[in-house]
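Worksheet: one structure, shown below.
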Amino acid sequence: MEIWINPACSKCRSAVSILDEASAEYTVRRYLEDPPTAAELEAVLKRLGLQPWDIARTAEPVAKDLGLKTWGRTPDDRSRWIDALAEHPKLIQRPIITADDGTAAVARDPETVRSVL
689 MEIWINPACS KCRSAVSILD EASAEYTVRR YLEDPPTAAE LEAVLKRLGL QPWDIARTAE
749 PVAKDLGLKT WGRTPDDRSR WIDALAEHPK LIQRPIITAD DGTAAVARDP ETVRSVL
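Just so you know, the sequence shown maps onto residues 689 to 805 in this note's numbering.
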């Protein structure tokens, strides 16, 4: 299992605590220091069953600078969104957990974290 975190995020710290309490084996990826590639984002989105705009943090200052809220949300727009997430990892919602069984979750609450255990 891998968890993408920003250590400054309280929801990320909470998710890590829950994993630790469950004695789960996992790898931490500090995605701001080690940003995912476009291909990695595609793979995670497929596992999540989501579109890139579904995991975008549109309130971030860089999102406002890019005008993200005005971007299209069609299949033709996917690559633009993925490129933006890869180039600006602060835009990626967190934490994201990818489980060994092939599932993944945006684990913003304790119940979702526990669901991947």
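For every residue, glycine included, the Cβ atom is placed at its ideal position computed from N, Cα and C. This structure is a prediction, so every number in the text was calculated from the model and none was measured.
Along the stretch 762 to 793, the beta strand (DSSP E) occurs as fully enclosed runs of 3 or more residues at 784 to 786, listed in sequence order. Comparing alpha carbon positions, the residue from Ser767, Val716, Leu779 and Asp788 closest to Val750 is Leu779. In this structure, the beta-carbon distance from Ile693 to Val801 does not fall below 8 Å. The shortest C-alpha to C-alpha distance from Ser767 to any of Asp788, Leu805, Val716 and Gln739 is the one to Gln739. Put simply, of Asp753, Leu733 and Tyr714 the residue whose alpha carbon is nearest the alpha carbon of Ile691 is Tyr714. Inter-segment contact for the stretch 779 to 798 and the stretch 740 to 749 is present: three or more beta-carbon pairs are separated by less than 8 Å. The DSSP-derived three-state label of Thr715 is strand. The DSSP-derived three-state label of Glu721 is coil. Taking the Cα positions, Lys699 is about 21 Å away from Arg735. Where Ile691 is concerned, the enclosing beta strand (DSSP E) starts and stops at Glu690 to Ile693. In this structure, the beta-carbon distance from Ala774 to Pro724 falls below 8 Å. Taking the Cα positions, Thr791 is about 21 Å away from Asp722.
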